[in-house]
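Residue numbers (the working numbering): 1 to 881. Heads up, the beta-carbon is just placed ideally off N, CA and C, and yes, glycines get one too.
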Amino acid sequence: MGTVTGLSPTRYWRSYCDYAVLVVPVVVLVQLCGAFNLDADTRVVFTGPPGSYFGYSVEFFDNSSSISVLIGAPKANTSQPNITEGGGVYLCPWSHTNCNIINFDKQGDRYFDINDVNTQVEFKSHQWFGATVRSHGNSVLACAPRYYWRTKHDTPFADVTGTCYLSVDSLKTFVEYAPCRTVLSPNYRCVCVLQDGRVVLGGPGSFYWQGQLITATTEEIVKAYYPSYFLLSVARQIQTHQVQGTYDDSYLGEEGQSNNTFIALAQRNISKQQNAMKGDIMGSYFGYAVAAIDINNDGLDDLVVGAPMFMHQGSCGRMEELGKVYVYLQRGRLLLEPSQSHLLGTQAFSRFGSSLAPLGDLNQDGFNDLAVGCPYGGVDQQGLVLIYKGDAGGMMDTPTQTLSGQWASSSFPANFGFALKGNRDLDQNGYPDLIVGAFGADKAVLYRARPIVRASASLTVHPTIFNQDEKTCELDTGSRNVAVSCITFCLLAKGKHLPSHLGFTVEVQLDSVKQSQEESIRRTLFLDSKQPSLLKTFSLANGERLCHDTKAYLRGEDEFRDKLSPIYISLNFSLDPQAPVDQHGLRSILDYQTEQLIEQKAQIQLDCGEDNICVPDLKLAVYGDRTEVYLGDENSLSLTFNARNEGEGGAYEAELYVILPPEADYSGIGRNNSLSQLTCSYEAENQTRYLACDLGNPMKPGISLWAGLRFTVPRLEDIHNTVQFELQIRSKNANNSESDVVLYELEVVAMASVILQGVSRPDKVIFPPPNWTVHQSLSEEQDIGPELQQVYEVHLTYLYVNVSGILWFPVVQVVTAVVWNKPDSLFSVPVWIIILAVLAGLLLLSLLIYLLYKMGFFKRSGPYGTTMEKAKLKPQASSEA
Numbered sequence: 001m002g003t004v005t006g007l008s009p010t011r012y013w014r015s016y017c018d019y020a021v022l023v024v025p026v027v028v029l030v031q032l033c034g035a036f037n038l039d040a041d042t043r044v045v046f047t048g049p050p051g052s053y054f055g056y057s058v059e060f061f062d063n064s065s066s067i068s069v070l071i072g073a074p075k076a077n078t079s080q081p082n083i084t085e086g087g088g089v090y091l092c093p094w095s096h097t098n099c100n101i102i103n104f105d106k107q108g109d110r111y112f113d114i115n116d117v118n119t120q121v122e123f124k125s126h127q128w129f130g131a132t133v134r135s136h137g138n139s140v141l142a143c144a145p146r147y148y149w150r151t152k153h154d155t156p157f158a159d160v161t162g163t164c165y166l167s168v169d170s171l172k173t174f175v176e177y178a179p180c181r182t183v184l185s186p187n188y189r190c191v192c193v194l195q196d197g198r199v200v201l202g203g204p205g206s207f208y209w210q211g212q213l214i215t216a217t218t219e220e221i222v223k224a225y226y227p228s229y230f231l232l233s234v235a236r237q238i239q240t241h242q243v244q245g246t247y248d249d250s251y252l253g254e255e256g257q258s259n260n261t262f263i264a265l266a267q268r269n270i271s272k273q274q275n276a277m278k279g280d281i282m283g284s285y286f287g288y289a290v291a292a293i294d295i296n297n298d299g300l301d302d303l304v305v306g307a308p309m310f311m312h313q314g315s316c317g318r319m320e321e322l323g324k325v326y327v328y329l330q331r332g333r334l335l336l337e338p339s340q341s342h343l344l345g346t347q348a349f350s351r352f353g354s355s356l357a358p359l360g361d362l363n364q365d366g367f368n369d370l371a372v373g374c375p376y377g378g379v380d381q382q383g384l385v386l387i388y389k390g391d392a393g394g395m396m397d398t399p400t401q402t403l404s405g406q407w408a409s410s411s412f413p414a415n416f417g418f419a420l421k422g423n424r425d426l427d428q429n430g431y432p433d434l435i436v437g438a439f440g441a442d443k444a445v446l447y448r449a450r451p452i453v454r455a456s457a458s459l460t461v462h463p464t465i466f467n468q469d470e471k472t473c474e475l476d477t478g479s480r481n482v483a484v485s486c487i488t489f490c491l492l493a494k495g496k497h498l499p500s501h502l503g504f505t506v507e508v509q510l511d512s513v514k515q516s517q518e519e520s521i522r523r524t525l526f527l528d529s530k531q532p533s534l535l536k537t538f539s540l541a542n543g544e545r546l547c548h549d550t551k552a553y554l555r556g557e558d559e560f561r562d563k564l565s566p567i568y569i570s571l572n573f574s575l576d577p578q579a580p581v582d583q584h585g586l587r588s589i590l591d592y593q594t595e596q597l598i599e600q601k602a603q604i605q606l607d608c609g610e611d612n613i614c615v616p617d618l619k620l621a622v623y624g625d626r627t628e629v630y631l632g633d634e635n636s637l638s639l640t641f642n643a644r645n646e647g648e649g650g651a652y653e654a655e656l657y658v659i660l661p662p663e664a665d666y667s668g669i670g671r672n673n674s675l676s677q678l679t680c681s682y683e684a685e686n687q688t689r690y691l692a693c694d695l696g697n698p699m700k701p702g703i704s705l706w707a708g709l710r711f712t713v714p715r716l717e718d719i720h721n722t723v724q725f726e727l728q729i730r731s732k733n734a735n736n737s738e739s740d741v742v743l744y745e746l747e748v749v750a751m752a753s754v755i756l757q758g759v760s761r762p763d764k765v766i767f768p769p770p771n772w773t774v775h776q777s778l779s780e781e782q783d784i785g786p787e788l789q790q791v792y793e794v795h796l797t798y799l800y801v802n803v804s805g806i807l808w809f810p811v812v813q814v815v816t817a818v819v820w821n822k823p824d825s826l827f828s829v830p831v832w833i834i835i836l837a838v839l840a841g842l843l844l845l846s847l848l849i850y851l852l853y854k855m856g857f858f859k860r861s862g863p864y865g866t867t868m869e870k871a872k873l874k875p876q877a878s879s880e881a
């Protein structure tokens, strides 16, 4: 869609004879509760000729039998001879979308004989007739702001003066009224208003753009009209006059004015500028749209002023063009005071405040409401209309309903919301309706208000405590008794112009908080259906109050664990969506402030005194069968604990909570005759593994429980000196629900048990070898004698050495027996050679041991794996694990 950054369609002609503003006296209705109830689902869409700007202006029209819609199309072609895009006004019955053009003017351009020359004196092509259309009673006024008139006959130029056509007999006859056609006011341009039998025309271009207002009665205009006569003024016509030059460029008489200019309130005394206000930011187009509306129901009309190009500093510090609507409350006759609340747009370049429409008391609460147009707002600039609620303190600053345009264009925005008109009941259902123009799409949309239902509900539960010791009802014939409470809910509905009967759907949920917790069972059920929810449909007459009783029972205490948290009982009601529409084809709607969800709560009787509040005092002591764990070992560990409740009340859903260190695994429950049997579950949460063991529900006052748990600690590393278990008793009680945390630490140590063995190959040698002589040449090792090998083996059985200690190894001697032969010669082996050989063997053995130590051979874990790896325990471990 193309982006329109300015007010180009409007700006192009607003300096000419401008559009009308109709101020309608406010009728205050009896206050009822209401909803912002414009029905977007059953809207009526009117469509005009493509490119005609159908929807540029909109208006309601009362005739003798019904109310219709008037829609201006300022670029429409008509049957006028030789006129191009003269513009037109269409009459559209609201009940269907067939629209017919109204023949306000059937003539083409008119000519006069000037100095014996037939001269064209008016120019109707592209005059934008229908840019303004206003009605009051059976009178209709439509204006052409770009109508040209040859002001001076002796010049070839024409001036844009504008003209209007008036009908006072339900569109049967039409008269022209164009007081702007005068030589005294060149560049005169008009805005027209029709109210209480008077026509008010504004000329913002008069007197160097000071502006001017002219008014005359419809009676005088009709009386003075003659078809072939160019009417310039009528009897008893009133108009403002030129003032000092400081008011030049004030644009008086233009409803929407340019930057930082004045607004004149021409009420009762049009000859004086009674009150004036200024916008607070240059270029904001303050005064572009103006509406009079009694916001606070004090009987005085207040004023709202649009500034669609208002700039606001955003959170990032940059100025954003958001648009603004100023609210002024009338405290006395024409004494206007700025309200504390002004309306600020939320989307940049949306032109928030381009149009304003009083809606009347749309929601039937005693205060009039307002529609604000955002013609370039929303997704793809499809346009928005925001509905604001009136209040005793002024206009509420948050919209209560948003209407979105349905048309987007790649070339030109739809301008949905550029034209607005409200405060008229088209379908006669007792509620005012709204019509919205979207001239870029050649559409106009009618939104009808739905009837409002003021409804209230009540919910009671008796008794509010389920006592499992007082089981008063049989669940089924011959089965166990159960504790029961009675549930009563009542519904009241009333409103204005409602159908004779209203359909309601009521849903009651028991233990409703548990509904979103899949692991939690509903603790209460309805006695009749054995279900946790009840769904009923009712039909109520207007003003009728209806009540319904039912019973709910508490499940057996062995069927659920949670006995502490409240049992919430919720009621939700709504109008039956399957109910038939009313005689106007609309469905009623609930007051937007209706409290549709109601909750009550019940409790389960606890053994905790009259206040039903249990305050336990939980104590925990932990004992273990070892204080050290060893690197490389499975390290079986048994922890015995004593859990006590020394308080005055039971601890509900009490559990022993054990956080395991990363090095440990859970093996099972400790078993002997002196220990209580537990039910434990093994869980993992993120990186934390923990054990939760049931200690009772409740863990009664005065109880002292002994139990044991078994673990292994196989995954030890020498980077930590200790391994720590964290134990605590936890309960669901609101008060004093936990014991102190107990830390059980084990010291990490290491010890090596090494078997060192050796063997000599051969184990016996004969020396000297046979045939060996003293004088033999010794060039190779075997010349000395046979090879002697000493083989050593190191067997590591356990690693039990303190991490910070010194590693010691036993000394092993390996002896080779040497048998001496009788010498065949005088040569003999010296003893020192034998000793040297033994020492060399020992040195080799020491070197081997040192190399093994440096390679970390003695720090290896056992080859058997951990208990948890072998068992492959599931997250839910049984007590037999």
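Selection F352, L356 and G393 evaluated against G378 yields F352 as nearest (Cα-Cα).
Following the DSSP letters along the chain, one finds L91 inside the beta strand (DSSP E) bounded by residues G88 to P93. In its chain, beyond the 5 residues on either side, Q509, S512 and E599 have a beta carbon closer than 6 Å to the beta carbon of S570.
For S760, the beta-bridge partners assigned by DSSP are Q790. Sixteen is the threshold: since fewer than 16 other Cβ atoms of the shown chains lie within 10 Å of the Cβ of E717, the residue is exposed. Under the three-state reduction of DSSP output, A840 falls in the helix class. The criterion of a C-beta distance shorter than 9 Å is not satisfied by I452 and D391.
The shortest C-alpha to C-alpha distance from R181 to any of R43, S500, G202 and G162 is the one to G162.
Taking 9 Å as the cut-off, the beta carbon of G624 is found no closer than this to the beta carbon of L743. Separation of the CB atoms of G422 and P375 is rounded to 16 Å, and the pair is thereby denied contact status at 8 Å. Inter-residue distance for G668 and L660 is about 13 Å (C-alpha atoms, whole angstroms). Close CB contacts of L675 within its chain, under the 6 Å cut and outside five residues either way in sequence, are with W706, A707 and G708 (chain order). When only Cα atoms are considered, A483 and L554 end up about 6 Å apart.
The C-beta distance from K324 to G345 rounds to 7 Å, short enough to fall under 8 Å.
Beyond the five residues adjoining it in sequence on each side, I83 comes within less than 6 Å, by CB distance, of G108, K124 and S125 in the same chain, given in chain order.
Close CB contacts of C486 within its chain, under the 6 Å cut and outside five residues either way in sequence, are with H462 and K551 (chain order). The segment 212-222 makes contact with the segment 166-173: 3 or more CB pairs, one atom from each, lie closer than 8 Å. Nearest neighbour of P81 by Cα position, chosen from Y568, N103 and G137, turns out to be N103. Around R318, the same chain offers no residue with a beta carbon nearer than 7 Å, after the five sequence neighbours per side are excluded. Take L695, set aside five residues on each side of it, and the residues of its chain with a beta-carbon closer than 7 Å to its own are A643, A654, E655, L656, L705 and I729, in chain order. Taking the CA atoms as reference points, D469 sits about 16 Å from A602.
With respect to the 9 Å criterion, L845 and Y792 are classified as neighbours on the basis of their beta carbons. When only Cα atoms are considered, N37 and L362 end up about 8 Å apart.
Note: T688 is bridge-paired with E685 in the DSSP secondary-structure output.
By the neighbour-count definition (other C-beta atoms within 10 Å, threshold 16), W832 is an exposed residue. Under the three-state reduction of DSSP, L851 is assigned to helix. One thing to note: S456 has its Cβ within 9 Å of the Cβ of E595. Taking all protein chains shown into account, D611 has fewer than 16 neighbouring C-beta atoms within 10 Å of its C-beta and is therefore exposed. Taking a 10 Å sphere around the C-beta of S354, we find 16 or more other C-beta atoms and assign the residue as buried. Comparing C-alpha distances from V741 to each of C608, A621, D665 and F54 shows the shortest one belongs to A621.
Judged by DSSP secondary structure, I221 falls within the alpha helix (DSSP H) whose first and last residues are T218 to A224. Straight through space, the alpha carbons of D558 and T679 are spaced by roughly 15 Å. Bridge partners of T163 according to DSSP: A144. For D427, the CB contacts under 6 Å within the same chain, skipping 5 residues up- and downstream, are R448 and H584 in chain order. Rounded to the nearest angstrom, the gap between the Cα atoms of Q212 and G332 is 26 Å.
S529 and L475 have their C-alpha atoms roughly 11 Å apart.
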